[in-house]
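Engineer: My structure is below; once you've seen it, I'll send some questions.
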Amino acid sequence: MDNKKSHKMITAIGYLIRTIGQENPLLNLLIFLCIVSTVGASFLLVYIPSLAVHAVENRVNAASFIALAAMAVGYIAVLAVQRGAQGGRGMRQLFLGRSLLYRIFLRRMEYDYAYTESMEGRQAYEKARQVCWWGTDFRLLLEGLMDLFVCVFSFLLYSGILSTLNPLLIILLLALSAVNYLMLRRAQRANDVRRDEQAAESGKLFSLINAFKNTKIGKDVRLYHMANGLEAMLDKSLKKLQGINLEFQKKMAQAQSMEGVTTALRDGAAYLYLIYQACNGAITISEFVFYFGVISQFSNFVTVCVQSFGTLQMGCSGVLAVKDYLEMEEVVDTESGDQKSFPENVSIEFEDVCFSYDGKTNVLDHFNLKIQNGEKIALVGINGAGKTTLVKLICGLYSPQSGQIYIQGRPALSMSFRERASYMAVLFQENLILPYSVAENVSLRPLKNTDEALVTECLKEVGLLEAVNGYDSGIYTQMTKAVTEKGISLSGGQQQKLLMARVLYRISSALWILDEPTASLDPVAESETYTQFHQLCGNRTCIYISHRLASTRFLDRIVVLENGKIIETGTHQELMQYGGQYARLFSIQSQYYKEETTNA
Ligand code: ADP
Numbered sequence: 038m039d040n041k042k043s044h045k046m047i048t049a050i051g052y053l054i055r056t057i058g059q060e061n062p063l064l065n066l067l068i069f070l071c072i073v074s075t076v077g078a079s080f081l082l083v084y085i086p087s088l089a090v091h092a093v094e095n096r097v098n099a100a101s102f103i104a105l106a107a108m109a110v111g112y113i114a115v116l117a118v119q120r121g122a123q124g125g126r127g128m129r130q131l132f133l134g135r136s137l138l139y140r141i142f143l144r145r146m147e148y149d150y151a152y153t154e155s156m157e158g159r160q161a162y163e164k165a166r167q168v169c170w171w172g173t174d175f176r177l178l179l180e181g182l183m184d185l186f187v188c189v190f191s192f193l194l195y196s197g198i199l200s201t202l203n204p205l206l207i208i209l210l211l212a213l214s215a216v217n218y219l220m221l222r223r224a225q226r227a228n229d230v231r232r233d234e235q236a237a238e239s240g241k242l243f244s245l246i247n248a249f250k251n252t253k254i255g256k257d258v259r260l261y262h263m264a265n266g267l268e269a270m271l272d273k274s275l276k277k278l279q280g281i282n283l284e285f286q287k288k289m290a291q292a293q294s295m296e297g298v299t300t301a302l303r304d305g306a307a308y309l310y311l312i313y314q315a316c317n318g319a320i321t322i323s324e325f326v327f328y329f330g331v332i333s334q335f336s337n338f339v340t341v342c343v344q345s346f347g348t349l350q351m352g353c354s355g356v357l358a359v360k361d362y363l364e365m366e367e368v369v370d371t372e373s374g375d376q377k378s379f380p381e382n383v384s385i386e387f388e389d390v391c392f393s394y395d396g397k398t399n400v401l402d403h404f405n406l407k408i409q410n411g412e413k414i415a416l417v418g419i420n421g422a423g424k425t426t427l428v429k430l431i432c433g434l435y436s437p438q439s440g441q442i443y444i445q446g447r448p449a450l451s452m453s454f455r456e457r458a459s460y461m462a463v464l465f466q467e468n469l470i471l472p473y474s475v476a477e478n479v480s481l482r483p484l485k486n487t488d489e490a491l492v493t494e495c496l497k498e499v500g501l502l503e504a505v506n507g508y509d510s511g512i513y514t515q516m517t518k519a520v521t522e523k524g525i526s527l528s529g530g531q532q533q534k535l536l537m538a539r540v541l542y543r544i545s546s547a548l549w550i551l552d553e554p555t556a557s558l559d560p561v562a563e564s565e566t567y568t569q570f571h572q573l574c575g576n577r578t579c580i581y582i583s584h585r586l587a588s589t590r591f592l593d594r595i596v597v598l599e600n601g602k603i604i605e606t607g608t609h610q611e612l613m614q615y616g617g618q619y620a621r622l623f624s625i626q627s628q629y630y631k632e633e634t635t636n637a
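In the numbering used here, the protein residues as written are 38 to 637.
Put into structure tokens, the structure is as follows:
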């Protein structure tokens, strides 16, 4: 094993023991009991038969009977400890996996958004999650570690006993065990190769199955007869998996038969030596039985030792994936954002900002924009123009590669993420409704941290209080049916009002951003929602995004984006007079809506 691998293994084992110490200290005790009882039980299993033969040899007397009975009771007690510890360990191992899963889930939310959204971040999360969900790697590492300890203790015990018989016997056993080790390693390497190949192929197979399992694509599957094509793909994948396993079985069978031969040679030579000694009267029958058992156990533990090393290696990579994920430094700063005094509104300035997601294509290219205190602006433009990217940069979810963003004249990068967030109330396209009470959905905080009077006031302000009070539990009514049948579902319009109340609840926010939260509404409802937001926003700075130009035409300024650049800016009237892209889009859209109204 090279240095890098052994270093990895030591790190993984150290992490596992530390984590168990933190999460479930009793598990460490149970592991210790498992190790001690396994060594104890194996020794008693060797010792008791030799004691029995010794008693027979010397005609059973009271003393030997008591000794035998005591050993038998001892054996039963050790077995009871072993089984009890194993049972408790299994359950606690499962809990360990679950609690780590929970930590991984929570940790993910602390990571920088850009990292979480990136392919690298998603893969790291998925790998760590899978290790904990199935718990296989934790189990492998733990069991490998336990076996290794059992082997080391057993090796010391049995080689000590055998050395009293003949030290050369240990050398013979070890030499043949080394050959045995090489055979087993071959089998394990074949298993490692199979594991990687199988993981890659199963990954493909399951992503295919998962995609087709998704009920959302059920319509397409039927309409386009996709099942036939799927069958062929599944067939190909399954055949490949079968091929990988057959190849592995072949190598495994070869290695195993070679290993069987060396084991037989090793044990046969040792037994022959014992028979020779017994025939010469150098050892008694009971000693013969005892040493015979010791040799069997010694050989057995050498085999287990080799296997446990392989098991440890297998478990290592998964455990390290969890460690790496939980200990990463891509965390958003958690510095408090609690402000003592809040401005009524803020100014935002982009100064020569360049930003790209992939480090190659600039989504924003030397971008400049100043939004004055209290200004209400609309960001409009076709899909992909860069509107949401601008919002993500303002919020601090991403950082520009060059240039500066100023919030209230201060470089945004000099502010903590929490401080920046405390200025803002933002609604994104994905309307987040959680399976909690109405009050918690407004505050987005647990009920104990929710200002219930403020929730009621906000609901009243947006015109939703009457409907909410119509439910038996009022603002405590559970939303969505995800966790209870009694959960309520609001209509599209009511949901918008709830989101409005959520924004209002952040009374200290100096900046409101609406990134098309109304995309699922019809144009009239969207226009009404934006108008209502406009009436409620007071002196705050507001950024409204919509691809339906009629919804934002009343704002102070309209900024038209295309390919991450501002192509036009002005009031609705100015832009219409200018007769550029905005005017063109506006007349196409109004023409369309007119036609729609006439046809309706
Ligand atoms: P808009 O909000 O105007 O529709 P976006 O800001 O969402 O536009 O997207 C601007 C460009 O950035 C598009 O080309 C889009 O494909 C790309 N983009 C958006 N989000 C990501 C992302 N997470 N990773 C890579 N590219 C992205």
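Glycine included, every Cβ here is placed at the ideal spot set by N, Cα and C.
With the cut-off set at 7 Å, would you say V505 and L491 are in Cβ contact?
Structural biologist: Position 468 of the sequence shown, counting from 1, holds the residue named residue 505. Position 454 of the sequence shown, counting from 1, holds the residue named residue 491. No, the pair does not count as a contact, with Cβ atoms beyond the cut-off.
Engineer: Does the ligand ADP have a heavy atom nearer than 6 Å to the CB of G421?
Structural biologist: Here residue 421 corresponds to residue number 384 of the sequence shown, with the count starting at 1. For the ligand ADP, at least one heavy atom lies less than 6 Å from the Cβ of G421.
Engineer: Which residue from R135, I332 and A290 puts its Cα closest to that of A224?
Structural biologist: The residue you call residue 224 lines up with position 187 of the sequence shown. Per the Cα distances, A290.
Engineer: Would you check whether the ligand ADP has a heavy atom nearer than 6 Å to the C-beta of T426?
Structural biologist: As a first step, residue 426 must be located in the sequence shown, where it is residue number 389. Yes, the ligand ADP has a heavy atom inside 6 Å of this Cβ.
Engineer: For Y310, report the span of its beta strand (DSSP E) as first-last.
Structural biologist: By 1-based counting over the sequence shown, the position of residue 310 is 273. Counting along the chain, Y310 falls outside any beta strand (DSSP E), though it belongs to the alpha helix (DSSP H) covering M263 to C316.
Engineer: Taking 6 Å as the cut-off, does the CB of Y394 come closer than this to any heavy atom belonging to the ligand ADP?
Structural biologist: Here the question's residue 394 lines up with position 357 in the sequence shown. Result yes, Cβ under 6 Å from the ligand ADP.
Engineer: Does the distance between the C-beta of V400 and the nearest non-hydrogen atom of the ligand ADP fall short of 6 Å?
Structural biologist: Translated into positions along the sequence shown, residue 400 becomes position 363. Because some heavy atom of the ligand ADP lies under 6 Å away, the Cβ of V400 counts as near it: yes.
Engineer: Take the Cβ of L434 as the centre, count every other Cβ of all protein chains shown within 10 Å, and call the residue buried at 16 or more, exposed below.
Structural biologist: Position 397 of the sequence shown, counted from the start, is the residue given in the question as residue 434. Its Cβ being crowded by 16 or more others within 10 Å, L434 is buried.
Engineer: Considering N478, what are the terminal residues of the alpha helix (DSSP H) in which it resides?
Structural biologist: Position 441 of the sequence shown, counted from the start, is the residue given in the question as residue 478. V475 to S480 is the extent of the alpha helix (DSSP H) around N478.
Engineer: What are the partner residues of G607, as DSSP defines its beta bridges?
Structural biologist: Counting from 1 along the sequence shown, the entry for residue 607 is found at position 570. Paired residues: I595.
Engineer: Shorter than 6 Å, the distance from the beta carbon of E489 to the closest heavy atom of the ligand ADP, or not?
Structural biologist: Here residue 489 refers to the residue found at position 452 when the sequence shown is read from its first residue. No, since every heavy atom of the ligand ADP falls outside the 6 Å radius drawn around the Cβ of E489.
Engineer: Just how far apart, CA to CA, sit C432 and M461?
Structural biologist: For the purposes of this step, residue 432 is taken as residue 395 along the sequence shown, with counting starting at 1. For the purposes of this step, residue 461 is taken as residue 424 along the sequence shown, with counting starting at 1. C432 and M461: Cα-Cα distance of roughly 8 Å.
Engineer: Spatial neighbours of I408 within its chain, please: CB distance less than 8 Å, with the 5 preceding and 5 following residues excluded, ordered by chain position.
Structural biologist: Within the sequence shown, numbered from 1, the residue matching residue 408 stands at position 371. Correct list, in chain order: S384, I385, E386, I414, T578 and I580.
Engineer: Return the residue from the list E412, V463 and N420 that minimises the CA-CA distance to Q445.
Structural biologist: In the sequence shown, residue 445 corresponds to position 408, counting from 1. Answer by Cα proximity: E412.
Engineer: Less than 6 Å separating the Cβ of Y154 from some heavy atom of the ligand ADP?
Structural biologist: On the sequence shown, residue 154 is found 117 positions in, with the first residue counted as 1. The amino acid occupying residue 154 in the given sequence is Glu; Tyr does not appear at that position. E154: yes, Cβ under 6 Å from the ligand ADP.
Engineer: Which value, in whole angstroms, describes the spacing of the CA atoms of F392 and T514?
Structural biologist: Locating residue 392 in the sequence shown gives position 355, where the first residue counts as 1. Locating residue 514 in the sequence shown gives position 477, where the first residue counts as 1. If I take the Cα positions, the gap works out to 43 Å.
Engineer: The beta strand (DSSP E) spanning I525 covers which residue range?
Structural biologist: The sequence position of residue 525 within the sequence shown is 488, counting from 1. Segment: none, I525 is in no beta strand (DSSP E) and carries neither H nor E.
Engineer: Candidates D389, I54, S101 and V475: which alpha carbon is nearest G601's?
Structural biologist: In the sequence shown, the residue the question calls residue 601 occupies position 564. The residue with the shortest Cα to Cα distance from G601 is D389.
Engineer: Can you tell which of M452, V168, R231 and L278 has its C-alpha closest to the C-alpha of A358?
Structural biologist: Position 321 of the sequence shown, counting from 1, holds the residue named residue 358. Ranking the options by Cα distance to A358, first place goes to V168.
Engineer: Spatial neighbours of I198 within its chain, please: CB distance less than 7 Å, with the 5 preceding and 5 following residues excluded, ordered by chain position.
Structural biologist: Against the sequence shown, residue 198 aligns to sequence position 161. Hits under 7 Å: V331.
Engineer: Taking only three categories from DSSP, how would you classify K397?
Structural biologist: As a working note, residue 397 is residue 360 in the sequence shown. Of the three classes helix, strand and coil, the one that applies to K397 here is coil, per DSSP.
Engineer: Whole angstroms is fine: what's the gap from Y542's alpha carbon to D149's?
Structural biologist: Here the question's residue 542 lines up with position 505 in the sequence shown. Here the question's residue 149 lines up with position 112 in the sequence shown. So the two alpha carbons sit approximately 26 Å from each other.
Engineer: Rounded C-beta distance between R303 and N203? I'm assuming under 8 Å.
Structural biologist: Residue mapping note: residue 303 aligns to position 266 of the sequence shown, counting from 1. Residue mapping note: residue 203 aligns to position 166 of the sequence shown, counting from 1. Their Cβ separation, rounded to whole angstroms, is 15 Å, which puts R303 and N203 out of contact at 8 Å.
Engineer: Would you tell me roughly how many angstroms separate the C-alpha atoms of D559 and V499, rounded to the nearest one?
Structural biologist: Here residue 559 refers to the residue found at position 522 when the sequence shown is read from its first residue. Here residue 499 refers to the residue found at position 462 when the sequence shown is read from its first residue. Spanning the two alpha carbons is a distance of roughly 19 Å.
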